[in-house]
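K.L.:
I have a structure I would like to understand better, so I am pasting it below and will then ask my questions one at a time.
Number of protein chains: 2
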Amino acid sequence: MTASDETPDPALAFEAHDHAHCAGGVLARAEEISAARGARLTPVRRRALEILLESHRAMGAYEVLERLAEAGFGNQPPVAYRALEFLVDQGLAHRIRRLNAFAACMNPGEAHSPAFFICKTCDAVAEAPAEAVRAAMEGAAARIGFSVERMNIEALGLCPACAETAS
Amino acid sequence: MTASDETPDPALAFEAHDHAHCAGGVLARAEEISAARGARLTPVRRRALEILLESHRAMGAYEVLERLAEAGFGNQPPVAYRALEFLVDQGLAHRIRRLNAFAACMNPGEAHSPAFFICKTCDAVAEAPAEAVRAAMEGAAARIGFSVERMNIEALGLCPACAETAS
DNA sequence: TATCGTATGTTATAGCATAACGTGTCAAGC
DNA sequence: GCTTGACACGTTATGCTATAACATACGATA
Numbered sequence: 000m001t002a003s004d005e006t007p008d009p010a011l012a013f014e015a016h017d018h019a020h021c022a023g024g025v026l027a028r029a030e031e032i033s034a035a036r037g038a039r040l041t042p043v044r045r046r047a048l049e050i051l052l053e054s055h056r057a058m059g060a061y062e063v064l065e066r067l068a069e070a071g072f073g074n075q076p077p078v079a080y081r082a083l084e085f086l087v088d089q090g091l092a093h094r095i096r097r098l099n100a101f102a103a104c105m106n107p108g109e110a111h112s113p114a115f116f117i118c119k120t121c122d123a124v125a126e127a128p129a130e131a132v133r134a135a136m137e138g139a140a141a142r143i144g145f146s147v148e149r150m151n152i153e154a155l156g157l158c159p160a161c162a163e164t165a166s
Numbered sequence: 000m001t002a003s004d005e006t007p008d009p010a011l012a013f014e015a016h017d018h019a020h021c022a023g024g025v026l027a028r029a030e031e032i033s034a035a036r037g038a039r040l041t042p043v044r045r046r047a048l049e050i051l052l053e054s055h056r057a058m059g060a061y062e063v064l065e066r067l068a069e070a071g072f073g074n075q076p077p078v079a080y081r082a083l084e085f086l087v088d089q090g091l092a093h094r095i096r097r098l099n100a101f102a103a104c105m106n107p108g109e110a111h112s113p114a115f116f117i118c119k120t121c122d123a124v125a126e127a128p129a130e131a132v133r134a135a136m137e138g139a140a141a142r143i144g145f146s147v148e149r150m151n152i153e154a155l156g157l158c159p160a161c162a163e164t165a166s
C-alpha cells in the first residue's frame, strides 16, 4: 500500500488519533518523494524526520539534536540544523518562526504553502492548507511588483481544547 | 495639521520618497494614538520609534539598542526589547520574525493584520494591508475550531529594484 | 586510482532574548 | 505629609538560537 489513502486533517493535531498510523504514512511518502527527486534521505535526515513525526509537535533544533545524539549521531548544533534545513527545503518539514521550531509536514509532496495555527497554551501546532491565503498574498505582491519565493503564515491563539478549558 | 492626509503606499518601502515627511506623519499619529489610549509613549519608547522610522527598514533589537545608548539611554538588551515590545503591543511597530527584527508600522491606528514582503537581496520590507489574507485565515481557523489572536504573515522574495538588477 | 561533489563531524563564536532584581517616579488614598 | 502600589527604566547575569569555518569520510565518475 502507498500512503495515498491517508486523509490529512488539519485539526488532527488538536485531536486524539491513531498517531503511529499517520506518522508511518507520512514517513513512507517522504521516502517516495525523496527517491523520486533524487534527494538523499540519509540516516540523520530520516531520523530527524522520525523524531519530528513521533512527537507530533513543533520542536526546537536543540531538542531534535539531543534526540539525534541519543541515536548515535553528532551532538553539535550544525548536525541538527543541517538535517532540518534539508527537510524544510524538500517540503518534508516546516519551520515555525514564531516558536523558533520545526514541525514535520503532515502532507508532503503536494505543492502547498500551509498556514499554521499555534495554540499559545499547549503549543500544539496545526497545519492547514491555505490556498486562499496564498492567492491573496500573490495578488498583493503583484500590485507592488514583488515576486514571492517563500511565505510564512502563522496564527497564534487557542486550540479548541484549551479554549474550552479556559472558559 | 493632523497626519491624516498621509497616503500610505505599500510599495513605498521600495521607492524613493519624501521620507522625512512620511516618518514625521507616522510619528505624529503615534503620539495621538498613544494619548488617546492612555498608553505612555515615554522618551525611550518614542526614541525607539524614531529610530525605526529613520532607517525605514527592519532593524534588530541590538541595532536599536545601540542607537538608544547613543541617545543616552541604557545599553543593556532589555532596554531595547521592552521599548520594542511596547511599540508592537500598541500596534506602532511590527516584529518581522523571519529577520528577527522590528519595523515601524507605517499605518498605525487602524486595525490591521498586515503582510510583509521582504526582499532577500536588499532586506527592504514593505508592509501591505492584507484583509483578504486575514479573512482566509479566520475562515480556516473557524473550520478547525481555533480562535486567532495574532498573525504573522511574511513573504520572502525579490523587490522590483532587485529583480531588475538580477535579470 | 585520482578526483570531485556531497554529507557529516567538530570547534568556535556570533546573534537573539529574557529572568531576576534594584532604583526612581508619580498618583491615589490614608 | 506620608505611605503604598503601579509602572518604567537600569543593570547583571544567563540561556537559547544559529551559523561560520574547517576537518573527515564516502561514493560516483573519469
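Just so you know, the protein sequences line up as chains A and B, in that order. Going by numbering that gives the first Met the number 0, the letters in the first sequence line up with residues 0 to 166, in that order. Going by numbering that gives the first Met the number 0, the letters in the second sequence line up with residues 0 to 166, in that order. No residue lacks a Cβ here, since even glycine has one placed at the ideal position from N, Cα and C.
Check whether the Cβ of Cys-118(A) lies closer than 9 angstroms to any Cβ atom in chain B.
P.N.:
Yes, because at least one Cβ of chain B sits closer than 9 angstroms to the Cβ of Cys-118(A).
K.L.:
Examine chain A for any beta-carbon lying closer than 9 angstroms to the beta-carbon of Ala-38(B), and answer yes or no.
P.N.:
Not one chain A Cβ lies under 9 angstroms of Ala-38(B).
K.L.:
Whole angstroms are fine: how far does the CA of Leu-67(B) sit from the CA of Ala-35(B)?
P.N.:
When rounded, the distance between both Cα atoms is 26 angstroms.
K.L.:
Give the DSSP bridge partners of Cys-118(B), in chain order.
P.N.:
According to DSSP, Cys-118(B) bridges with Gly-156(B).
K.L.:
So, does the CB of Phe-101(A) fall closer than 9 angstroms to a CB anywhere in chain B?
P.N.:
Phe-101(A) does not count as touching chain B.
K.L.:
Residues in its own chain within less than 6 angstroms of Phe-116(B) by CB, not counting five upstream and five downstream?
P.N.:
Once the five neighbours on either side are set aside, the close Cβ partners of Phe-116(B) are Ala-125 and Ala-154.
K.L.:
For Asn-74(A), would you say it is in contact with chain B, using Cβ-to-Cβ distances shorter than 9 angstroms as the test?
P.N.:
It does not: the Cβ of Asn-74(A) has no partner Cβ on chain B nearer than 9 angstroms.
K.L.:
Report the residues of the stretch 146 to 158 of chain A with a CB closer than 7 angstroms to any CB of chain B, ordered along the chain.
P.N.:
For the stretch 146 to 158 of chain A, which is checked against every Cβ of chain B, the residues closer than 7 angstroms are Ser-146, Val-147, Glu-148, Arg-149, Met-150, Asn-151, Ile-152, Glu-153, Ala-154, Leu-155, Gly-156, Leu-157 and Cys-158.
K.L.:
Taking DSSP as the reference, what is the three-state secondary structure of Met-0(B)?
P.N.:
At Met-0(B), the pLDDT of 42 sits below 50, so the modelled position is not reliable and the matter cannot be decided from this model.
K.L.:
Nearest CA to the CA of Val-132(A): which residue from Cys-121(A), Ala-70(A), Pro-159(A) and His-111(A)?
P.N.:
When each option's Cα is compared against that of Val-132(A), the closest is His-111(A).
K.L.:
At the level of alpha carbons, what is the spacing between Leu-40(A) and His-20(B)?
P.N.:
Rounded to whole angstroms, Leu-40(A) to His-20(B) spans 54 angstroms at the Cα level.
K.L.:
Do we get a CB-CB distance below 9 angstroms when we pair Phe-13(A) with the residues of chain B?
P.N.:
Closer than 9 angstroms to some Cβ of chain B, the Cβ of Phe-13(A) qualifies, so yes.
K.L.:
Along the chain, where does the alpha helix (DSSP H) that runs through Glu-126(B) open and close?
P.N.:
Premise fails: Glu-126(B) lies in the beta strand (DSSP E), 124 to 127, not in any alpha helix (DSSP H).
K.L.:
According to the Cβ coordinates, are Ser-54(B) and Gln-89(B) closer than 9 angstroms?
P.N.:
No, Cβ-Cβ distance for Ser-54(B) and Gln-89(B) is not below 9 angstroms.
K.L.:
Can you round the beta-carbon distance between Ala-135(A) and Ala-127(A) to whole angstroms, since I take them to be within the 8 angstroms contact cut?
P.N.:
Actually they do not touch by this definition, with Cβ atoms about 15 angstroms apart.
K.L.:
Strictly under 9 angstroms for the Cβ-Cβ distance: is Val-87(B) near chain A by that measure?
P.N.:
Chain A, which has no Cβ nearer than 9 angstroms to the Cβ of Val-87(B), makes this no.
K.L.:
Quick check: the Cα distance between Ala-171(B) and Pro-77(B), rounded to an integer number of angstroms?
P.N.:
Given that chain B is displayed from residue 0 to residue 166, the structure contains no residue 171(B) and the question cannot be resolved.
K.L.:
Can you list, in chain order, the residues of its chain with a C-beta nearer than 8 angstroms to that of Leu-51(B)? Leave out the 5 residues immediately preceding and following it.
P.N.:
Around Leu-51(B): Met-58, Val-63, Leu-86, Ala-92, Phe-101, Ala-102 and Ala-103.
K.L.:
What are the start and end residues of the alpha helix (DSSP H) that includes Arg-133(B)?
P.N.:
Arg-133(B) -> alpha helix (DSSP H) spans 130 to 142.
K.L.:
Is the CB of Ala-139(A) under 9 angstroms away from at least one CB in chain B?
P.N.:
Yes, because at least one Cβ of chain B sits closer than 9 angstroms to the Cβ of Ala-139(A).
K.L.:
Ignore the nearest five residues each way along the sequence and tell me which others in Leu-83(A)'s own chain have a CB closer than 7 angstroms to its CB.
P.N.:
Once the five neighbours on either side are set aside, the close Cβ partners of Leu-83(A) are Ala-47, Ala-60, Val-63, Ala-92 and Phe-101.
K.L.:
Secondary structure at Thr-6(B), three-state DSSP: helix, strand or coil?
P.N.:
The pLDDT assigned to Thr-6(B) is 40, lower than 50, so where the model puts this residue is not dependable, and the model offers no usable value.
K.L.:
Please work out which residues of its chain come closer than 8 angstroms, Cβ to Cβ, to Asp-167(B), disregarding the five sequence neighbours upstream and downstream, and give them in chain order.
P.N.:
Beyond the ends of chain B as shown, which are 0 and 166, falls residue 167(B); an answer cannot be given.
K.L.:
Just curious, the alpha helix (DSSP H) that Ala-92(B) is in, first and last residue?
P.N.:
No alpha helix (DSSP H) holds Ala-92(B); the beta strand (DSSP E) holding it covers 92 to 95.
K.L.:
Tell me which residues share the same chain as Leu-26(A) and place their Cβ nearer than 7 angstroms to its Cβ, disregarding the 5 neighbours each side in the sequence.
P.N.:
Around Leu-26(A): Leu-48, Glu-49 and Leu-52.
K.L.:
Contact criterion: CB-CB distance below 9 angstroms. Does Gly-108(B) meet it with respect to chain A?
P.N.:
With 9 angstroms as the cut-off, Gly-108(B) does not count as an interface residue toward chain A.
K.L.:
Tell me which residue opens and which closes the beta strand (DSSP E) that Phe-101(B) is part of.
P.N.:
Looking at the DSSP string, the run of the beta strand (DSSP E) that includes Phe-101(B) is 100 to 103.
K.L.:
Just how far apart, CA to CA, sit Ala-140(B) and Ile-95(A)?
P.N.:
Going by the C-alpha atoms only, they are around 17 angstroms apart.
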